[in-house]
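Numbering (the working numbering), first residue to last: 1 to 115.
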């Protein structure tokens, strides 16, 4: 879990990527938010017992999106999920909840800093 002083997002990569263009930065954040929400729904739909390539593939996409915006804690959770090709529905559900909460923290932070 993040401590009180940690920021859920390190925007330095995106700021460099957009060359400091705030409009471009906001647009990328908007795409991240929309895409992540859609894929998070797909991840929830892939919660089941046993093997699930879909779970692993969706987790991989979420991991990449998290890395792109500098959400390291969220990226680590998604990387953990990606490795769960074969797992119980209970284990997947518990990790899904952590990822969902991690996303909520990232989203709240982005709103707080007006992105």
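For every residue, glycine included, the Cβ atom is placed at its ideal position computed from N, Cα and C.
Check	Outcome
Rounded C-alpha distance that separates residue 100 from residue 44	10 Å
Local Cβ density within 10 Å of residue 105, reported as buried at 16 or more and exposed below that	buried
Residue 108 classed as buried or exposed, judged by whether at least 16 other C-beta atoms fall within 10 angstroms	exposed
Distance, residue 55 Cα to residue 89 Cα	11 Å
Residue 64 vs residue 9 beta-carbon contact at 8 Å	no
C-alpha distance - residue 19 paired with residue 29, whole-angstrom precision	15 Å
Exposure label - residue 93; buried when at least 16 CB within 10 Å	exposed
Limits of the alpha helix (DSSP H) - the one that residue 105 falls within	89-112
Proximity of residue 96 and residue 36 at Cβ, strictly below 8 Å	no
Rounded straight-line distance, which links the Cα of residue 66 to that of residue 46	19 Å
8 Å Cβ cutoff met for residue 115 and residue 25	yes
Residues sharing a beta bridge with residue 50, DSSP	87
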